[in-house]
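Below you'll find the structure, written out as C-alpha cells, and then a few comments.
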Amino acid sequence: MPTVHRDATSAGHHAAVTSILPPSDAATTAVLPPVRFAGTDTAPPDTAAPVTDPLLDRAAATTQSTLDARRVSAWFGTHKVLDRVSLTMPAGKVTALIGPSGCGKSTFLRTLNRMHELVPSAAFAGEVLLDGVDVYDASRRVTEARRHIGMVFQKPNPFPAMSIQDNVVAGLGLTGLKVGKDERAALVESSLTKAGLWKEVKDRLRAPGGGLSGGQQQRLCIARSLAVRPRVLLMDEPCSALDPTSTRRIEETIGELSAEVTIVIVTHNMQQAARVSQQCAFFLAEAGTPGTIVEHGDTEAMFTAPRDPRTYDYVNGRFG
Ligand SMILES: Nc1ncnc2c1ncn2[C@@H]1O[C@H](COP(=O)(O)OP(=O)(O)OP(=O)(O)O)[C@@H](O)[C@H]1O
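Position in the sequence shown (from 1) plus 244 gives the number in our numbering.
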C-alpha cells in the first residue's frame, strides 16, 4: 500500500496513521509516523457528488499557475530516491529538470501530480502546492491533481483505434468534466490548435489516432492533455522517441503553450533544455544517495556560469 509521510508542519492536514515508515527515512528526515496517500482512504471517492475545488475557482481567475514542491522525498519500498527536494516552478515559465540517469527526475515529476502513488511500493513525504493548495491534502481528490496538472510521456500513447477527435476529448470523462456537442467540437479544435496539430488533421478528425506519425501522435497526446484545461503540464522526455524535425515542432509547441500553461519538462538533451526553458534544475544522486537538486536557477546562467562545479561538468557533457 502506498504511503504518504508528513513532516511536523504539514501533518495536521491528515488523519489516518496506518503503515510503516521506510527504514531509511528515520535517519534522514524528521517525520511523524506516515499516513496513506490521501486519495486512497481519506478523500471523498472520485465518484461522489462534486465538492468545492479551490483550484477551479483559481483557474477561473487566472490563466497561469505556480507549482511549489516543498521538501519532497520519495521511496520505492525501502529505497529512498529523492531527499527533501524543494523547487518553485513559476507561472508562465518552462522549468527543465536535468541530470544523469537514475537521479530521480521522473520520480520527482510524478510526485507533482500524484502519479508516483500508482506504484504499489511507492511512498512520499512533503508538500506540492498548486497556487498555494496542497495537492496531497487529505480533502483533495487524486483526480483533481491529475486534472489540473497534466502529463505527457516519453512515448506517445494515443488510443490507436480511437478517432483523432475522440482521442482529444478522451480525458474529459476520466476527470468528470462534461461538455455539450458544440462545445466539444470547439474544444477539439482549440486543443489541436494549441498543440500545433489542427492544420494537419482538420480534414481527418474521424481517422484513427494510430495512423498519425510519431511526432503527430505526441502532439495529439499534448492536445488530449490540454483538453481538460490543466494549469500545469508535466512532460517526461517528450521528444526522446521522435526524429529531429518532430522534436523541433514539439519544442515550438512548448514555447507557444508556455504563455498559458506552466510547463515542467524532463530532458537529457542539454540543447533542448537551453532552447525551451527559462529555469533549470540540476538533479544528482551521488554514490547511491537519494536524488537532490544541486543547483537551480535561470537557464542561461546555469549553462554559461554555473555556481557548482558538478553542474559545470554535467552541462558540458563531462558525465551522465
Ligand atoms: N517503479 C519503480 N520501482 C522501483 N524503483 C524505481 C521505479 N521507478 C524508478 N525507480 C528507481 O528510482 C530511481 C530514480 O529513477 P527515475 O526514473 O526517477 O530517475 P531519472 O533521473 O528520471 O532517470 P532517467 O533519466 O534514466 O529516466 C532509480 O534508482 C530507479 O531505479
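Quick reminder that beta carbons are idealized off the backbone N, C-alpha and C, glycines included.
Could you give the distance in angstroms between the alpha-carbon of R554 and the alpha-carbon of L449? What you label residue 554 is simply residue 310 of the sequence shown in a count that begins at 1. What you label residue 449 is simply residue 205 of the sequence shown in a count that begins at 1. Roughly 48 Å separates the two Cα atoms.
Would DSSP call A287 helix, strand or coil? For the purposes of this step, residue 287 is taken as residue 43 along the sequence shown, with counting starting at 1. Only weak support exists for where A287 lies, its pLDDT of 37 falling under 50; the coordinates are left without a value.
Three-state class that DSSP yields for K443 in the structure shown: Working through the sequence shown from its first residue, we reach residue 443 at position 199. DSSP places K443 in helix when its eight states are reduced to three.
Under 7 Å between the Cβ atoms of D426 and L373? Residue numbering aside, residue 426 sits at position 182 when the sequence shown is read from its first letter. Residue numbering aside, residue 373 sits at position 129 when the sequence shown is read from its first letter. In this structure, L373 does not lie closer than 7 Å to D426 by Cβ.
Can you tell me the Cα-Cα spacing of Y558 and F527, whole angstroms? Indexing the sequence shown from 1 puts residue 558 at position 314. Indexing the sequence shown from 1 puts residue 527 at position 283. The alpha-carbon atoms of Y558 and F527 are separated by roughly 10 Å.
Answer yes if the segment 486-499 comes into contact with the segment 457-474, meaning at least three C-beta pairs across the two stretches below 8 Å, and no otherwise. yes
Just how far apart, CA to CA, sit V538 and M406? As a working note, residue 538 is residue 294 in the sequence shown. As a working note, residue 406 is residue 162 in the sequence shown. If I take the Cα positions, the gap works out to 43 Å.
Is the beta carbon of D480 sitting closer than 7 Å to the one on V510? Start at 1 with the first residue of the sequence shown, and residue 480 comes out as number 236. Start at 1 with the first residue of the sequence shown, and residue 510 comes out as number 266. Against a cut-off of 7 Å, the Cβ pair of V510 and D480 comes out as a contact.
Here's the rule I'm using: 16 or more other beta-carbon atoms within 10 Å means buried, otherwise exposed. How should R562 be labelled? Residue 562 sits at position 318 when you count from the first residue of the sequence shown. R562 comes out exposed.
Which residues in the same chain have their Cβ closer than 7 Å to the Cβ of K349, if we skip the five residues on either side of it in sequence? Residue 349 sits at position 105 when you count from the first residue of the sequence shown. Same-chain partners within the cutoff: L341, G343, V510 and F527.
Which residues have their C-beta within less than 5 Å of a heavy atom of ligand 1, listed in chain order? F320, V325, S345, G346, C347, G348, K349, S350, T351 and V363
With three or more beta-carbon pairs closer than 8 Å as the criterion, would you say the segment 468-485 touches the segment 431-441? yes
Length at least 3, wholly inside the segment 304-361: the beta strand (DSSP E) runs in chain order: 311-320, 323-333 and 338-342
A525 beta carbon less than 7 Å from that of H540: Here residue 540 refers to the residue found at position 296 when the sequence shown is read from its first residue. Here residue 525 refers to the residue found at position 281 when the sequence shown is read from its first residue. Yes, they are a contact pair.
Is T533 helix, strand or coil by DSSP? Taking the first residue of the sequence shown as 1, we reach residue 533 at position 289. If DSSP states are grouped into helix, strand and coil, T533 belongs with coil.
Run through the DSSP bridge pairs and tell me what L502 is partnered with. As a position in the sequence shown, residue 502 is number 258, starting the count at 1. Here residue 502 is Ser; the residue named in the question, Leu, does not match the sequence. Per DSSP, none; premise fails for S502.
Is the segment 410-417 close to the segment 364-384, with three or more CB pairs under 8 Å? no
Name the residue from G346, L421, L464 and G454 whose alpha carbon lies nearest to the alpha carbon of E433. Looking up residue 433 in the sequence shown gives position 189. Among G346, L421, L464 and G454, the Cα nearest to that of E433 is on L464.
Helix, strand or coil, according to DSSP, for G394 in the structure here? Taking the first residue of the sequence shown as position 1, residue 394 is located at position 150. Reduced to three states, the DSSP call for G394 is strand.
Could you check where the alpha helix (DSSP H) with G453 kicks off and where it finishes? Here residue 453 refers to the residue found at position 209 when the sequence shown is read from its first residue. Counting along the chain, G453 falls outside any alpha helix (DSSP H), and DSSP gives it neither H nor E.
Taking the alpha carbon of L353 as the point to measure from, which residue in P334, V396 and D381 has its own alpha carbon closest? If you number the sequence shown from 1, residue 353 lands on position 109. Comparing Cα-Cα distances from L353 to each of P334, V396 and D381, the minimum goes to V396.
Determine the contact status of K399 and P534, defining contact as a CB-CB distance below 7 Å. Here residue 399 refers to the residue found at position 155 of the sequence shown. Here residue 534 refers to the residue found at position 290 of the sequence shown. Contact flag unset, no.
My assumption, with CB atoms under 8 Å, is that T536 sits in contact with V329. Please give the rounded CB distance. Here residue 536 refers to the residue found at position 292 of the sequence shown. Here residue 329 refers to the residue found at position 85 of the sequence shown. Going by Cβ atoms, the distance from T536 to V329 rounds to 6 Å, so yes, they are a contact pair.
Ligand 3 heavy atoms versus the CB of V538: any closer than 6 Å? Because ligand 3 does not appear in the structure shown, any question about it cannot be addressed here, the ligands present being ligand 1.
DSSP puts F526 in a beta bridge; with which residues? Residue 526 sits at position 282 when you count from the first residue of the sequence shown. The partner list for F526 (beta bridge, DSSP) reads I342 and E539.
Put S407 into one of helix, strand or coil per three-state DSSP. Residue numbering aside, residue 407 sits at position 163 when the sequence shown is read from its first letter. Note: S407 maps to strand in three-state DSSP.
Measuring alpha carbon to alpha carbon, tell me which of S435, T419 and Q409 ends up nearest D447. To locate residue 447, count along the sequence shown from 1; it is residue 203. Here the closest residue by C-alpha is Q409.
Determine the direct distance from the alpha carbon of D542 to that of K422, and round the result to whole angstroms. Mapped onto the sequence shown, residue 422 falls at position 178. Mapped onto the sequence shown, residue 542 falls at position 298. Each residue's alpha carbon lies about 40 Å from the other.
Report the residue from E444, R475 and C483 whose alpha carbon sits nearest the alpha carbon of Q462. Residue 462 sits at position 218 when you count from the first residue of the sequence shown. Nearest of E444, R475 and C483 to Q462, Cα basis: C483.
Residue from E444, G417 and K337 whose Cα sits closest to the Cα of L501: Counting from one through the sequence shown, the residue named residue 501 turns up at place 257. Checked all of E444, G417 and K337; the closest Cα to L501 is K337.
Once you ignore the five residues that flank M514 on each side, which residues in its own chain have a CB closer than 8 Å to its CB? Sequence index remark: in the sequence shown, residue 514 carries index 270 (1-based). Contacts found: I342, F547, V559 and G561.
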